[in-house]
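S.K.: Numbering (my numbering), first residue to last: 52 to 469.
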Amino acid sequence: MVDLLIIKASQIATLNSVYGVPRIGNEMQELGLIHNGAIAIKDEIIMEVGETNKILSKYDVKNNESVIDASGKLITPGFVDPHTHIIFAGSRENELEMKLKGKTYLEILEDGGGILKSVRATRNASLDTLVQNGTQILDTMLKYGTTTVETKTGYGLTTEDEIKSLKTIRKLNQTHPIDVIATFMGAHAIPPEYKNHPEEYVRLIIKEMIPKVSEMKLAEFCDVFCEEGIFSIEESRRILKTGQKYELIPQIHIDEIVDTNGAQLAAELDVSQAGHLLKSNLKGLKAMAKKKIIATLLPGTPFCLMQNDYAPARSMINLGIPIALSTDLNPNCWTESMQMIITLACYEMGLTPAEALAASTLNSACALKRDNIIGSLEKGKKADINIFDVPNYQFLAYHFGVNLVSKVIKNGKIVVEN
Ligand code: NIG
Ligand code: FE
């Protein structure tokens, strides 16, 4: 007797981890497909995934309401969105016109816009407002099939406002069906009050923020925006190494706008994931491949920056770098939809639909060190499951700009029904 049976799915992409995780190179094409598939779920956990006849011969449910007929539909693991910035107030729709006139991201930031505009709004917002904003974003994410999300702070940039942001994340994780994983990113920008003495801000992060965040057990990861004019390689190294001393797992934003040798640093520090990598040099990428450092690619960002210049995903895969995908949701790049990101990954970065799906599920679970419980549909894993109103996985990239979700199941319960 189980709690829920999903049967007759046209296709189940199990992402079973026969190759060990994460998927690398050609393995990224392997989705572990089952046709006419079924899933048995009990107590929030997957009991078994297999062909419908086999599952129906082994398992039963109490009543008909506990059976979902998924005829003609695609089933995948719930999306894992491993790199976002959802803790902010206000919005930046005005910057679109600036960008259309040719202003660059760093120019907007230098004028006090960009991240700094969001910082002003976030500092002025109460924890309750941030929780409300975050809840709205998570509601939309869930409707679009995301069941686990990592999110960063970085719009507070004072000890108090960073802690307020981290407490917002904790609250969201407690109150929302989505699992929300916290990353401390005090090193997101130099705040205006430290503009003329940035070293003091780095010291504040190292001496005050990180120890406090760690003591209060508010974050699992630590991230830095390592970029020309933001945080240098040396500063990033110091911050992330301090984080490690305080048991915060390092992640990093690298080589988004300029190649600062970020990929080399990502490999040196053995980060759990490195984001962006548009400009990384070959030597750095090879160092990442050697250590199997996950590259989290964020095609929504160059799309919103109108860069027509995306991370070299194909050569990364050929080099043997494991690829994950993420929305990077932030006030510059506001999408909750991993479906949109899968489309961009295929049309703009040349990933195949299978690679894009592996990068949005199993590999993104690896980026968050959660592949033991999520990221694939296998016995013993959490029943975090998407049912899409399409017959196969190619459709996820192909039919774009609309929500293809039919149902989302989180911890074994139906939480979205379209
Ligand atoms: O990952 N690059 C740094 N941080 C974010 C953007 C933040 C913002 O513009 O508000 C990113 O793209
Ligand atoms: Fe980011």
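By construction, the Cβ of each residue, glycine as well, lies at the ideal position given by its N, Cα and C atoms.
In whole angstroms, give me the CA-to-CA distance for E99 and I75.
M.R.: For E99 and I75, the distance between alpha carbons rounds to 25 Å.
S.K.: Just curious, the alpha helix (DSSP H) that E319 is in, first and last residue?
M.R.: E319 -> alpha helix (DSSP H) spans 313 to 320.
S.K.: Assign M236 to one of two classes, buried (16 or more other C-beta atoms within 10 Å of its C-beta) or exposed (fewer than that).
M.R.: By the neighbour-count rule (16 or more Cβ atoms within 10 Å), M236 is buried.
S.K.: Thinking G351 and T394 are a contact (beta carbons under 8 Å), I'd like their distance in whole angstroms, please.
M.R.: That belief does not hold up - the Cβ atoms of G351 and T394 are roughly 10 Å apart, past 8 Å.
S.K.: Measure the C-alpha to C-alpha separation of I424 and G153 and round it to an integer number of angstroms.
M.R.: Roughly 45 Å between the two C-alpha positions.
S.K.: Within the continuous alpha helix (DSSP H) that includes D212, where are the two ends?
M.R.: Run containing D212: 210 to 226, per the alpha helix (DSSP H) assignment.
S.K.: Can you tell me whether S177 is buried or exposed? The criterion is at least 16 other CB atoms within 10 Å of its CB, across all chains shown.
M.R.: With fewer than 16 Cβ atoms within 10 Å of its Cβ, S177 is classed as exposed.
S.K.: At what residues does the alpha helix (DSSP H) containing F235 begin and finish?
M.R.: First-last for F235: 230 to 238, but that is the beta strand (DSSP E), not the alpha helix (DSSP H).
S.K.: Nearest to R436 by alpha carbon, out of M79, R365, E95?
M.R.: Before going on, a small fix: residue 436 reads as Ile here, not Arg. For I436, the nearest C-alpha among the options comes from E95.
S.K.: Just to check, is the beta-carbon of H136 closer than 7 Å to a non-hydrogen atom of the ligand HEM?
M.R.: For the ligand HEM, the structure offers nothing, since it holds only the ligand NIG and the ligand FE.
S.K.: Give a single yes or no on whether H227 has its beta carbon closer than 7 Å to a heavy atom of the ligand FE.
M.R.: No - the ligand FE has no heavy atom lying nearer than 7 Å to the Cβ of H227.
S.K.: Quick one: which unbroken beta strand (DSSP E) runs of 3-plus residues sit fully inside the stretch 97 to 177? Chain order, please.
M.R.: Entirely contained in the stretch 97 to 177, the beta strand (DSSP E) runs reaching 3 residues are, in chain order, 118 to 120, 125 to 128, 130 to 132.
S.K.: Kindly list the residues whose CB is nearer than 8 Å to the CB of I341, restricted to its own chain and excluding five residues on each side of it in sequence; keep chain order.
M.R.: Residue identity differs from the one stated: residue 341 is Lys in this sequence, not Ile. Once the five neighbours on either side are set aside, the close Cβ partners of K341 are A318.
S.K.: Assess contact between the stretch 206 to 221 and the stretch 145 to 162, defined as three or more Cβ pairs (one per stretch) separated by less than 8 Å. Is contact present?
M.R.: No, they do not touch.
S.K.: For R254, count the other beta carbons within 10 Å of its own beta carbon; 16 or more makes it buried, fewer makes it exposed. Which is it?
M.R.: Burial call: exposed.
S.K.: When every heavy atom of the ligand NIG is checked, does at least one fall within less than 7 Å of the C-beta of C273?
M.R.: Answer for C273: no, Cβ out of range of the ligand NIG.
S.K.: Are I97 and K432 closer than 8 Å when you measure CB to CB?
M.R.: Result yes, Cβ atoms of I97 and K432 sit closer than 8 Å.
S.K.: List, from N- to C-terminal side, the alpha helix (DSSP H) runs of 4 residues or more that fit wholly inside the stretch 239 to 296.
M.R.: For the stretch 239 to 296, whole alpha helix (DSSP H) runs of length 4 or above, ordered along the chain, are 249 to 255, 261 to 266, 284 to 296.
S.K.: Given this structure, state the Cα-to-Cα distance separating C355 from Y206, to the nearest angstrom.
M.R.: Rounded to whole angstroms, C355 to Y206 spans 19 Å at the Cα level.
S.K.: Between which residues of its own chain and A396 is the CB-CB distance below 6 Å, once the five residues before and five after are set aside?
M.R.: So the list reads P350, L376, L402, A407, once near-sequence residues are dropped.
S.K.: Quick one: using the 10 Å Cβ neighbour count with 16 as the cut-off for buried, is G452 buried or exposed?
M.R.: So G452 counts as exposed.
S.K.: Is the closest heavy atom of the ligand NIG to the C-beta of N383 under 7 Å?
M.R.: Yes, Cβ of N383 sits closer than 7 Å to a heavy atom of the ligand NIG.
S.K.: What are the start and end residues of the beta strand (DSSP E) that includes E201?
M.R.: Here the beta strand (DSSP E) through E201 covers 197 to 203.
S.K.: Three-state secondary structure (DSSP) at E298?
M.R.: Coil.
S.K.: Flag this pair as touching only if the stretch 57 to 73 and the stretch 408 to 416 have three or more C-beta atom pairs under 8 Å; answer yes or no.
M.R.: Yes: at least three Cβ pairs fall under 8 Å.
S.K.: Using a Cβ-based criterion (distance less than 7 Å to any ligand heavy atom), does H477 qualify as near the ligand NIG?
M.R.: Summary: the structure shown does not reach residue 477, with the chain confined to residues 52 through 469, and so no result is reported for it.
S.K.: Determine which residues share a DSSP beta bridge with N381 and list them.
M.R.: Note: N381 sits in a beta bridge opposite C384.
S.K.: What is the rounded straight-line gap between the Cα of E259 and the Cα of E102?
M.R.: For E259 and E102, the distance between alpha carbons rounds to 55 Å.
S.K.: Near S142, what residues of its chain come up, given a Cβ to Cβ distance below 7 Å and the 5 sequence neighbours on each side ignored?
M.R.: Excluding sequence neighbours, S142 sits near P382.
S.K.: Between which two residues does the alpha helix (DSSP H) harbouring I368 extend?
M.R.: Counting along the chain, the alpha helix (DSSP H) containing I368 begins and ends at 364 to 370.
S.K.: Does the beta-carbon of F276, which I'm using as the reference point, lie nearer than 7 Å to any heavy atom of the ligand NIG?
M.R.: Yes, the ligand NIG has a heavy atom inside 7 Å of this Cβ.
S.K.: Per DSSP, A527 forms a beta bridge with which residues?
M.R.: Residue 527 cannot be examined here, being either before or after the span of the chain that is shown, 52 to 469.
S.K.: Hey, quick one: how far does the beta strand (DSSP E) through L402 stretch, first residue to last?
M.R.: It is not in any beta strand (DSSP E) - L402 carries neither H nor E in the DSSP assignment.
S.K.: Specify the secondary structure class of Q183 as computed by DSSP and reduced to three states.
M.R.: Correct three-state label for Q183: helix.
S.K.: Hey, quick one: how far does the beta strand (DSSP E) through S415 stretch, first residue to last?
M.R.: Where S415 is concerned, there is no enclosing beta strand (DSSP E), although the alpha helix (DSSP H) it sits in stretches over 413 to 418.
S.K.: Regarding T198 and the ligand NIG, is the C-beta to nearest heavy atom distance less than 7 Å?
M.R.: Because no heavy atom of the ligand NIG lies under 7 Å away, the Cβ of T198 does not count as near it: no.
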